[in-house]
Amino acid sequence: MSQTITTSIQSVFLEQVRNRLSDKISFVDKLAELLNVSRDSAYRRIRGETVLSLDEAKKLCDHYGVSLDALMAPSINTTLFHHRAMSTTYTLDMWLHSVGTNLQYISSCEHKHMTFSARDMPTFQHFRLPELSAFKMFFWLKTVIKDPDYSSLLYKLEAIPSHIQQAAHKLWLLYATVPSIEIWSEEAINETLKQIGYYHECRFFADKQQAISLCNRLIDLIMIIKTEARLGKKSDGAEYQLYVNELLIANNTVLACMENQRIVYINYNTLNLLTTHEKSFCDKTESYLNNLIKNSILISNSAEKERNKFFNKMKARIEDFKNKINATQGLL
Amino acid sequence: MGSSTSTTDIQSSFLGQIRNKIGDSISFADELAELLNVSRDSAYRRIRGETVLSLDEVKKLYDQYGLSIDAIMSPNSNMVSINHKTIDFHYSVKEWLNSLIQNLELAKSSKDLELIFACKDLPVFNYFRFPEMAAFKLFVWSKSIIQDPQYEHSIYSPDIMPREIMADAARAWSLYSSVASTEIWSDEVVNSTIKQIEFYYECGFFSHRNQVTGLYDCILEIIKLSRAEASEGKKSEGGSFELYQNEILIPDNTIYARIQGQQVVFINYNTMDTLTTHQKSFCAKTKVYVTNLIKNSALISATAEKERNRFFNKLEEKITTSINRLP
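Protein chains in written order, with my numbering: chain A, 341 to 672; chain B, 362 to 688.
Here it is in structure tokens:
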């Protein structure tokens, strides 16, 4: 059943695979090995004399991260993303470890930079203060992914094992070494306030002092960030630029740029991370972020008045929220 | 060579999905023979996995039926193939609206439909109920996000957008309103539009203060209509409407849909872009996410009058606060 018609898409596909190989490796040998066929059969596939089956195509796609959809419809922009979603099976521990590996890599590069468009305050920032860090993680486990181990627990710092706390704190330390631009709006604290309010109403705090104390830590955190914005430096000394955006409350998107490489991380619906290296997607994200910056005000290193207005507004909102909690009756 | 029955699992699931899609009324072998321009016998051999489909043949079927091959090949992989539509000069607001309309029409014609919106912002269709509001949203996107040079020096006016685009927007609203949906809103859903109005006002992109108050009136009217629809459990064009109030998270605008038995997830990215995927495990994880979100949310349509009114009152307060802040 040998078909001798050269299938054009097959040759385009194999060419794409060949491009992912380093020059040192023989394409035919690699193909023969991956498809578990003879060298001769591999040649016939390359020459288009033997039809490549979908199952064989899959082996190559899996190995080299090539998208067949993109091949079928080049006009439609299909991008392959790596997807990590925290769940009861892909645990917080694994998630932190995996993000840590990424940050470690970025941090180890000589030239590195991250642009963070942050609808919520960048997660790493919360990991600076143990109380906030524990609360965020407790909330994810108990309420978002509904881990059964947490279903009947009330919030307390100790509910999060110390090795997890340390792993989270390490993410902040790594992030602090990378020169960054962050783009926020004053809405960046809304989600955390909502979550504190929700736990207060559900009585998932042992007493309302816990809620008050979390609000105080949140104020501490934005005051620390305010100082860093004034200096234009993160705690580790890496350059820090903070922009305020009033027009668009964006997604949580990160563009990381290293020597010869760019990576986009989309942090969507809290605990999902979509990652891609693909050039055209990185290009588009970069131009979107540049446009966002054009519509924003730089409040680090300059613009003292704007900076104070911005942080004071958030602080006032947290104080306001705290007073509301304080005014609720009784201990709870 | 080339014929093997042992290595065609994906071929058979690919053809199987096409068979499901065309339904029973047409002979699958005939359809396949015609599309691939082969004999009926050869078509059968492909169905039985005795002949390997070439990638060129796969493409013909792909073009005809639009099934994602990546999704079929790797239903459970961590690698997700996502279709990315960017709104720019090449893919304009007009095309964006057309693709919305197409998807809604498909949803409307589907017998077995599940449509869940997890909303950071009010589903955009709601703004298309009123021409001046529709014009404002479309103008902001064109001017500030796409940065269409045509609008670089323009300021807002209700007739700033071309008439056919306005007609498409109105059509998108009426289709959306006729389709059943489950929606999860938080009290933040109007924030970004309020911000846009305030920003444009401060930038002097309105010719008169009346325009601003006019837009606020529109939003108040939209909230009023939505409140009534939630109370009925039905949208004005007849689509059933299940509304949940979410107090715990601000999701990214996400739509989970099951249309004609096929799952799809749309994620709103960078304001106007859309990420779309059919991959099974990704869709399944998104379903778990929205289901968990619903568990933490209160149903406020057709029931819970007190909660519903508190929720909509809060949205209204946000608008009036912003009106009072106007210089």
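Beta carbons: idealized from backbone N, C-alpha and C, even for Gly.
Looking at the backbone, the Cα of Thr625 (chain A) and that of Leu420 (chain A) are separated by about 15 Å. Taken atom to atom, the span from the alpha-carbon of Leu558 (chain A) to that of Met434 (chain A) is near 26 Å. Here the alpha carbon of Val625 (chain B) sits roughly 11 Å from the alpha carbon of Ala432 (chain B).
Looking from the CA of Gly622 (chain B), the closest CA among B:Asn444, B:Lys641, B:Leu654 belongs to B:Lys641. For Thr637 (chain B), same chain residues with a beta-carbon under 6 Å away, outside a window of 5 residues either side, are Asn444, Phe627 in chain order. No Cβ-Cβ contact shorter than 9 Å links Leu497 (chain A) with Asp560 (chain A). At a cut-off of 9 Å between beta-carbon atoms, Asp409 (chain A) makes contact with chain B. Beta-bridge partners assigned by DSSP to Ser435 (chain B): none are found.
In this structure the region 378-386 of chain B does not touch the region 366-383 of chain A; the number of beta carbon pairs closer than 8 Å is below three. Taking a C-beta cut-off of 8 Å against chain A, the contacting residues of the region 603-622 of chain B are Glu608, Ile609, Leu610, Ile611, Pro612, Asp613, Thr615, listed in chain order.
Here DSSP, grouped into helix, strand and coil, assigns Glu522 (chain A) to strand. When DSSP states are grouped into helix, strand and coil, Val357 (chain A) belongs to the helix group. Using a 10 angstroms sphere on the CB of Cys564 (chain B), the tally of other CB atoms stays under 16, which defines it as exposed.
Between Ser518 (chain B) and the set B:Leu536, B:Ser503, B:Glu493, B:Ser538, the nearest pair of CA atoms involves B:Glu493. The alpha-carbon separation between Glu668 (chain B) and Ala645 (chain B) amounts to approximately 31 Å. At a cut-off of 9 Å between C-beta atoms, Asp395 (chain A) counts as an interface residue with respect to chain B. Not a single CB atom of chain A sits nearer than 9 Å to the CB of His514 (chain B). The beta carbon of Leu416 (chain B) sits closer than 9 Å to some beta carbon of chain A. By the rule that beta-carbons nearer than 9 Å mark a contact, Gly405 (chain A) touches chain B. If the five residues before and after Ile526 (chain B) are omitted, its C-beta is found closer than 7 Å to the C-beta atoms of Val454, Lys455, Leu458, Leu499, all from its own chain and listed in chain order. The C-beta of Met563 (chain A) has fewer than 16 other C-beta atoms within 10 Å across all chains shown, which makes the residue exposed.
Take the alpha-carbon of Arg490 (chain B) and the one of Ala372 (chain A): they are about 60 Å apart. One Cα belongs to Asn464 (chain B), the other to Lys662 (chain A), and the distance between them is close to 45 Å. Straight through space, the alpha carbons of Ala404 (chain B) and Glu411 (chain B) are spaced by roughly 10 Å. B:Ile462 is the residue among B:Ile462, B:Lys472, B:Ala589, B:Thr543 whose C-alpha sits nearest the C-alpha of Ala530 (chain B). Look at Asp473 (chain B): its C-beta is not under 9 Å from any C-beta on chain A. Residues of chain B with a Cβ closer than 7 Å to the Cβ of Glu531 (chain A) are, in chain order, Leu610, Ile611.
Put simply, the region 544-559 of chain B touches the region 567-587 of chain B. At least three CB pairs are less than 8 Å apart.
Think of a sphere of 9 Å around the beta carbon of Val584 (chain A): no beta carbon from chain B falls inside it, the nearest being about 12 Å out.
For the region 512-536 of chain A, residues whose beta-carbon sits nearer than 9 Å to a beta-carbon of chain B comprise Ser525, Glu527, Asn530, Glu531, Lys534, Gln535.
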